[in-house]
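Engineer: Heads up: the sequence shown begins at 2 in our numbering, then just goes up one per residue.
Backbone N, C-alpha and C define an ideal beta-carbon position, used for all residues, glycine too.
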Amino acid sequence: MTGTKPTDWGEKVLPMISELIQSLEKQVDRIEQKLEFRLKEVIEKPFTTSKGLNLSTVEELLSFCLYHEGMHFATINSYYSK
2 MTGTKPTDWG EKVLPMISEL IQSLEKQVDR IEQKLEFRLK EVIEKPFTTS
52 KGLNLSTVEE LLSFCLYHEG MHFATINSYY SK
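1. Let me know the secondary structure DSSP gives K46 once reduced to three states.
2. Out of E60, M72, Y81, state which residue places its alpha-carbon closest to the alpha-carbon of K35.
3. Taking 8 angstroms as the cut-off, decide whether the C-beta atoms of L62 and L56 are in contact.
4. Rounding to the nearest angstrom, what Cα-Cα distance links M17 and Y81 in this structure?
5. Hey, would you say F65 sits closer than 8 angstroms to T50, going by beta carbons?
6. Over the uninterrupted alpha helix (DSSP H) stretch that includes L63, give me the two end residues.
7. Excluding the 5 residues flanking S15 on each side, which residues of the same chain have their C-beta closer than 7 angstroms to its C-beta?
8. By Cβ distance, which residues of its chain are closer than 6 angstroms to R39, with the 5 residues on each side in sequence left out?
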């Protein structure tokens, strides 16, 4: 959900960086297995980004997610490179 952050998770245990890395290392395989033949599929409810970009296919959503997750990765990386 937009605007959420781990500090809002309350009592939940935050994942260790090693867990995040392990999950990210397996992410490409998971995406390929789930979406390989669905990239051109039009989604039922298009998604509009906060900047007004309309995403209506699995391929568009995946592309945006990769960009968006890269922003998260850069933020996480900045915490650990201090």
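Structural biologist: Reading it off the structure:
1. If DSSP states are grouped into helix, strand and coil, K46 belongs with the strands.
2. E60
3. yes
4. 12 angstroms
5. yes
6. 59-81
7. Residue identity check: residue 15 is Leu in the sequence provided, not Ser. So the qualifying residues of the chain are P7.
8. V59
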